[in-house]
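J.: Chains A and B, in that order, are what the protein sequence lines are. Under the working numbering, think of the first position of the first sequence as 1, with each following residue one higher. Under the working numbering, think of the first position of the second sequence as 181, with each following residue one higher. The C-beta atom is built at its ideal place from N, Cα and C for all residues, glycine as well. Got a structure for you, questions after.
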Amino acid sequence: MTQRLKTPLKEDDISSLKAGDEIILSGIIYGARDAAHKRIIESINSNQKLPFELKGSVIFYVGPSPVPPGRKSGAVGPTTSARMDSLTEPLLKKGLMGIIGKGDRNNHLRKLMQKYKCIYFIAPGGISAFLASKIKDIKEIAYNDLGPEAVFEIEVKDFPLFVAYDIQGNNIFELALRRE
Amino acid sequence: MKIIKITKIKNQIKKLIKTASFNLPEDITDSIRQACSAEKNNTAKKILELILKNSEIAAKKKIPLCQDCGNVYIDIKIGENICIEKFSFLQDMADEAVAEAYKENYLRKSIVSDPLFDRINTKDNTPAYLSIVPADTLDGLEINVFLKGGGSENCSFLYMLTPSDSADAIISKVLDAVRQNVTKSCPPVIIGIGIGATSSKVTELARKAAFRNLKIRNADDKYKILENSILEKINNTGIGPAGLGGMTTALAVNIEYMPCHMATLPVAVSFACHSLRRASSKILLP
């Protein structure tokens, strides 16, 4: 089933999503990967202001390539999610409602995603010139010294995704193997 | 003795980085096209079509094939009676070529200086990983550039097997590595396997195997059969493109081997993602 979603997400938006559903996402998402996660967690732990509101937000694990002159975006695509497995719970506690990445993640993280009601979306990796055509705007909003690992505010239109883990605990990677 | 100017090599490296970043090699697109027409799984077919479409957009609009523009490996083969002017500056020159190519082409700079403590981005994607190989049949110089992303680089494995182990032990290690890790890379992948040599050299062999042209099969029948058999087993897992099911988990399994110590059987596995970036050129001085 294909569904259209808009950010920020609400609980009603995600409760009926099923692993395997195709999603077309529009709105603002936030690019943040390894180094940015460490800083966000430091800020959470010391009660400092966060670069963006986590409640209802969708984080995209991405380190975009620079925007060439005259274009809206450089190449964008998901990086390996499993590296963020141990860096995700503090963000889930703050109400993060969606994550976009690539690949399967560990059991512990899968359970946490279900507990905190956060959807794990995947985008196929390595189709980054194509995905760039779905970006309306991209800007660096925090941790500029991290270069491609900074936090980015990204406006997407009709961004193609799959639901990988739904909040009932289903997993697209297991379902894919069962169908074969 | 024929002299090659170091600036000529630098310009070639810059050109090759540009070519590799925006153009998927023909052997890869041919292989994806074939896989796409053979796939019965609709999602798999759709993803393979997107990969082909991505390569067209990248070439036309000069947007990198992948946002991870990679580590830069540069292998230079030097032929007989060739002298590189200012040879001792080759590493500096390679780094300059990388820095300029990454800046001029708006490629992502992904290298951090200190690997453990500071991890500060070098902001120019240097250093380049340079290797120099003598080649006695070459009338000049051959430059090979390979760009390898971090996601697939993380899927690299070294196994020190024992001489009593058979090909089955290798098959089982490779299949485990694929099952546990392939969705963290970008399937369909190319699996490079190095067998023999030493623990350090075998990982180099695996990397070379991963970047080998898909149309080249192993010249030795025993290894060719092993390549085909591992490929078939990987694709029978049903993991498929992006891990969403299908029969195209890998496009190829390439093996490179060398002699090894009688007490050892080193095996290394290197994954290359479908967005395989390589380019090569020759400077001939006959």
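If contact is defined by three or more beta carbon pairs under 8 Å, each pair taking one atom from either stretch, is the region 144-162 of chain A in contact with the region 10-23 of chain A?
T.: Verdict: yes, contact present.
J.: Is Thr429(B) near Pro367(B), with beta carbons less than 8 Å apart?
T.: Going by C-beta atoms, Thr429(B) is nearer than 8 Å to Pro367(B).
J.: I'd like to know if Ile414(B) contacts chain A, where contact means its C-beta is closer than 8 Å to some C-beta of that chain.
T.: Cβ-Cβ to chain A under 8 Å: no for Ile414(B).
J.: Determine whether the beta carbon atoms of Gly74(A) and Tyr403(B) lie at a separation below 8 Å.
T.: For Gly74(A) and Tyr403(B), no; Cβs fall outside 8 Å.
J.: Compile a chain-ordered list of the residues in the region 124-156 of chain A whose CB is closer than 9 Å to at least one CB of chain B.
T.: Under the 9 Å Cβ criterion, the region 124-156 of chain A contributes Pro124, Gly125, Gly126, Ile127, Ser128, Ala129, Phe130, Leu131, Ala132, Ser133, Asp145, Leu146, Gly147, Pro148 and Glu149.
J.: Quick one: is Gly396(B) buried, meaning 16 or more other Cβ sit within 10 Å of its Cβ, or exposed?
T.: For the record, residue 396(B) in the displayed sequence is Ile; it is not Gly. Result: exposed.
J.: Determine the closest residue to Lys72(A) out of Ile99(A), Tyr116(A) and Lys136(A), with distance taken between C-alpha atoms.
T.: Per the Cα distances, Lys136(A).
J.: So the alpha helix (DSSP H) Ser379(B) belongs to, where does it begin and stop?
T.: Per DSSP, Ser379(B) belongs to the alpha helix (DSSP H) from Ser379 to Ala390.
J.: Look at the alpha carbon of Lys353(B) and the alpha carbon of Leu341(B), and state the distance between them as a whole number of angstroms.
T.: Going from the Cα of Lys353(B) to the Cα of Leu341(B) covers about 10 Å.
J.: Using C-beta distances below 8 Å, list every residue in its chain close to Leu355(B), excluding the 5 sequence neighbours before and after it, in chain order.
T.: Ile410, Lys413, Ile414 and Thr417, listed in sequence order.
J.: By the 8 Å beta-carbon criterion, what residues does the region 88-106 of chain A contribute toward chain B?
T.: Flagged, chain order: Lys102, Gly103 and Asp104.
J.: Out of curiosity, what's the CA-to-CA distance linking Ser365(B) and Leu196(B)?
T.: Going by the C-alpha atoms only, they are around 24 Å apart.
J.: Could you work out which residues of chain A lie near Arg288(B), taking near to mean beta carbons separated by less than 8 Å?
T.: In chain order: Gly63, Pro64, Ser65, Pro66, Gly74, Ala75 and Pro148.
J.: Going along chain B in order, which residues have a C-beta closer than 8 Å to the C-beta of Ala35(A)?
T.: What Ala35(A) touches in chain B: Arg299.
J.: Between Ser57(A), His108(A), Ser86(A) and Gly125(A), which lies nearest to Gly31(A) when the distance is taken from Cα to Cα?
T.: Closest by alpha carbon: Ser57(A).
J.: Shortest alpha-carbon distance to Val151(A) belongs to which of Ile138(A), Lys157(A) and Asp158(A)?
T.: The option with the nearest alpha carbon to Val151(A) is Ile138(A).
J.: Below 8 Å, how does it come out for the region 331-346 of chain B and the region 260-269 of chain B: are there three or more Cβ pairs, yes or no?
T.: Output reads no: the region 260-269 of chain B does not touch the region 331-346 of chain B.
J.: Does the separation of the CB atoms of Ile28(A) and Ile59(A) fall below 8 Å?
T.: Taking 8 Å as the Cβ cut-off, Ile28(A) and Ile59(A) do not qualify as a contacting pair.
J.: Determine, using beta carbons only, whether Ser461(B) comes closer than 8 Å to chain A.
T.: It does not: the Cβ of Ser461(B) has no partner Cβ on chain A nearer than 8 Å.
J.: Does the region 217-226 of chain B come close enough to the region 250-264 of chain B to have 3 or more Cβ pairs within less than 8 Å?
T.: No, because fewer than three Cβ pairs between the region 217-226 of chain B and the region 250-264 of chain B fall closer than 8 Å, the two stretches do not touch.
J.: Spatial neighbours of Ser211(B) within its chain, please: CB distance less than 8 Å, with the 5 preceding and 5 following residues excluded, ordered by chain position.
T.: Answer for Ser211(B): Leu394, Leu431 and Ala432, listed in chain order.
J.: Residues in the region 167-179 of chain A with C-beta within 7 Å of chain B's C-beta atoms, listed in sequence order?
T.: Listed by position, the residues of the region 167-179 of chain A near chain B (Cβ gap below 7 Å) are Ile172, Phe173, Ala176, Leu177 and Arg179.
J.: Would a C-beta distance cut-off of 8 Å place Ala459(B) and Val313(B) closer than the cut-off?
T.: Contact: no.
J.: Determine whether the Cβ of Ala448(B) lies closer than 8 Å to any Cβ atom of chain A.
T.: No, no contact with chain A.
J.: Can you name the residues of chain B whose CB is closer than 7 Å to the CB of Phe162(A)?
T.: Leu424, listed in chain order.
J.: Take every Cβ of the region 376-391 of chain B, pair it with every Cβ of the region 447-459 of chain B, and state whether three or more of those distances are shorter than 8 Å.
T.: Yes: the two stretches touch, three or more of their Cβ pairs being nearer than 8 Å.
J.: Quick one: complete beta strand (DSSP E) runs, 3+ long, within the region 42-129 of chain A?
T.: Those beta strand (DSSP E) runs which fall completely within the region 42-129 of chain A and span 3+ residues are 58-60, 98-101 and 119-122.
J.: Let me check one thing: in DSSP terms, what residues is Asn301(B) bridge-paired to?
T.: Note: Asn301(B) sits in a beta bridge opposite Val292(B).
J.: Under 8 Å between C-beta atoms, does Cys80(A) make it to chain B?
T.: This sequence places Thr at residue 80(A); Cys is not what is there. Yes, contact with chain B.
J.: On a Cα-Cα basis, can you pick out the residue from Gly63(A), Pro69(A) and Glu153(A) that is closest to Phe52(A)?
T.: The residue with the shortest Cα to Cα distance from Phe52(A) is Glu153(A).
J.: Tell me the residue span of the alpha helix (DSSP H) that contains Cys216(B).
T.: Segment Glu206 to Ala218, the alpha helix (DSSP H) holding Cys216(B).
J.: Could you tell me which of Asn203(B), Ala386(B) and Ser290(B) sits nearest to Gly330(B), measuring between CA atoms?
T.: Of Asn203(B), Ala386(B) and Ser290(B), the residue nearest in Cα terms is Ser290(B).
J.: For the region 242-255 of chain B, which residues have a CB atom closer than 8 Å to at least one CB atom of chain A, in sequence order?
T.: So the close ones are Lys242, Ile243, Pro244, Leu245, Cys246, Gln247, Asp248 and Cys249.
J.: Give the range of the alpha helix (DSSP H) segment to which Ala277(B) is assigned.
T.: Residues Leu270 to Glu284.
J.: Please report the residue range of the alpha helix (DSSP H) in which Ala308(B) lies.
T.: Premise fails: Ala308(B) is in no alpha helix (DSSP H) and is neither H nor E.
J.: Return yes when the Cβ of Lys102(A) is within less than 8 Å of the Cβ of Gly125(A), no when it is not.
T.: Going by C-beta atoms, Gly125(A) is nearer than 8 Å to Lys102(A).
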